[in-house]
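Peer 1:
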Amino acid sequence: MSKPVIWITRTLSNATLERARRDYEVIWDAADTPGSAEDIIKMSASVDGIIPCHSEHFSADVVAQLDPRLKIVANHSVGVDHCDLDALRGKGIVVTNTPDVLSDATAELAMMLMLGAARNAVAGDRTVRSGTWDFWSPAFLVGKQLTGARLGIVGMGGVGRAFARKARGFDMEIHYHNRSRLSPEDEAGAIYHETLESLLAVSDFLSLHCPATPETVGLMNADRLAQLPKGAVLVNTARGNLIDEAALVDALDAGHIGAAGLDCFVTEPGGNPAFASYDNVMMMPHVGSATVQTRDAMGFKALDNLDAFFRGESPPNAL
Ligand SMILES: NC(=O)C1=CN([C@@H]2O[C@H](COP(=O)(O)OP(=O)(O)OC[C@H]3O[C@@H](n4cnc5c(N)ncnc54)[C@H](O)[C@@H]3O)[C@@H](O)[C@H]2O)C=CC1
Ligand SMILES: O=C(O)C(=O)CO
1036 MSKPVIWITR TLSNATLERA RRDYEVIWDA ADTPGSAEDI IKMSASVDGI
1086 IPCHSEHFSA DVVAQLDPRL KIVANHSVGV DHCDLDALRG KGIVVTNTPD
1136 VLSDATAELA MMLMLGAARN AVAGDRTVRS GTWDFWSPAF LVGKQLTGAR
1186 LGIVGMGGVG RAFARKARGF DMEIHYHNRS RLSPEDEAGA IYHETLESLL
1236 AVSDFLSLHC PATPETVGLM NADRLAQLPK GAVLVNTARG NLIDEAALVD
1286 ALDAGHIGAA GLDCFVTEPG GNPAFASYDN VMMMPHVGSA TVQTRDAMGF
1336 KALDNLDAFF RGESPPNAL
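According to the working numbering, the stretch in the sequence shown is residues 1036 to 1354, in order.
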């Protein structure tokens, strides 16, 4: 029997590419450029499945033009805001994602951003690196302490819970808001807030871990930023469009937001140049899940989903 043909849109880990080539006829281009709408539409006529990343956009318009040969979109990401799920499902295309295996890596990056933003890592690194460190005083680069502070988490799914576990190690008091309350076991002492507003009011630190949906786009607008305590630190490893970036700039200027740690931006790649002059904003280029272990695990999970589908079973992470 001939192997199913799949298109791997980006450079996945070596172990993933090796396993994929063993079990599938693989189309993959080492150039590692994002697949355009035209690429996706054209390729759909030649493949049975695609492993895309969040860099490939399956809009309703693209999906409408897909060839019926394409049967499954096995995302190499947990976030699926780049996919119009209703349109894909409406066309009978199975969609899967890669939850859980990236929770720890992403939570680690959120922790780095929270610590880095709180403790002036950008200014500190630049001062030493540039050879301009010619002064020391007890008043120099004084930051904000995590120990004993209240951490608010928006979205207590895989990443949010992993982040809470790590923050507990820093003796933070964990508060959260989620679509629904967790079981006492998953809550592990975290304090539930039924409304976002109630969470914001107590969050010395706030970290976003909910998906980008019509409900959450623009979640942290000027009004909600103003509801945080003065000097609060905002961390975002979820999606850029959860934050109104212009409102965040204003809140930084006003000193209402003390610092921010951002892995995600409205415009990617590229980010927002408006943040570049702020030493109290630590930024990373959307690399929350980028560890060696996690890249392998994400690739294998995408392949597990394809394998199940082509065996005629329901993929474990079908959405
Ligand atoms: N920076 C990066 O590299 C990465 C970014 N992400 C982003 O993080 C998001 C979360 O990932 P996971 O935790 O694995 O997803 P998940 O699906 O396990 O958890 C999401 C949680 O958000 C909650 N939620 C949804 N809408 C909400 C709302 N309106 N208000 C409050 N809570 C809401 C859900 O109930 C769920 O508990 C992904 O959707 C993705 O956008 C995830 C991994 C890596
Ligand atoms: O999985 C996701 O949603 C990402 O953003 C990249 O890992």
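Quick reminder that beta carbons are idealized off the backbone N, C-alpha and C, glycines included.
#1: Considering only heavy atoms of ligand 1, does any lie closer than 7 Å to the CB of residue 1326?
#2: Measure from the alpha carbon of residue 1277 to the alpha carbon of each residue in 1294, 1289, 1250, 1169, then state which is nearest.
#3: Flag residue 1137 as yes when its Cβ comes closer than 7 Å to any non-hydrogen atom of ligand 2, and as no otherwise.
#4: Buried or exposed: which applies to residue 1324, given that a residue is buried once 16 or more other Cβ atoms fall within 10 Å of its Cβ?
#5: Counting beta carbon pairs with one atom in the segment 1308-1319 and one in the segment 1327-1340, are three or more of them shorter than 8 Å?
#6: Quick check on the DSSP output: what are the complete beta strand (DSSP E) runs of length 3 or more inside the segment 1088-1140, in order along the chain?
#7: Starting from residue 1263, trace the beta strand (DSSP E) both ways and give me its first and last residue.
#8: Distance, Cα to Cα, residue 1046 vs residue 1265?
#9: Taking 7 Å as the cut-off, is the beta-carbon of residue 1216 closer than that to any non-hydrogen atom of ligand 1?
#10: Give the secondary structure of residue 1294 by DSSP, where H, G and I count as helix, E and B as strand, and everything else as coil.
#11: By the three-class DSSP mapping on this structure, what secondary structure does residue 1271 have?
#12: Let me make sure I understand the geometry here. Which of 1044, 1345, 1056, 1252 has the alpha-carbon closest to that of residue 1076?
#13: Do the segment 1283-1291 and the segment 1161-1172 touch if we need at least three Cβ pairs shorter than 8 Å?
#14: Taking 7 Å as the cut-off, is the CB of residue 1119 close to at least one heavy atom of ligand 1?
Peer 2: The structure says:
#1: No.
#2: The closest CA to that of residue 1277, considering only 1294, 1289, 1250, 1169, is found on 1250.
#3: Yes, ligand 2 has a heavy atom inside 7 Å of this Cβ.
#4: Of the residues assessed, residue 1324 falls on the buried side of the cut-off, its CB having 16 or more other CB atoms within 10 angstroms.
#5: Because the criterion of three Cβ pairs below 8 Å is not met, the segment 1327-1340 and the segment 1308-1319 do not touch.
#6: Contiguous beta strand (DSSP E) elements confined to the segment 1088-1140 occur at 1107-1109, 1129-1131, taking only those with 3 or more residues.
#7: According to the DSSP assignment, residue 1263 belongs to no beta strand (DSSP E), since it is labelled neither H nor E.
#8: In a straight line, the C-alpha of residue 1046 is about 43 Å away from that of residue 1265.
#9: Every heavy atom of ligand 1 is 7 Å or more from the Cβ of residue 1216, so no.
#10: Reduced to three states, the DSSP call for residue 1294 is strand.
#11: Residue state, collapsed to three classes: strand.
#12: That would be 1044, whose Cα lies nearest to the Cα of residue 1076.
#13: Judged by pairs of C-beta atoms under 8 Å, the segment 1283-1291 does not touch the segment 1161-1172, as fewer than three such pairs exist.
#14: No, ligand 1 has no heavy atom inside 7 Å of this Cβ.
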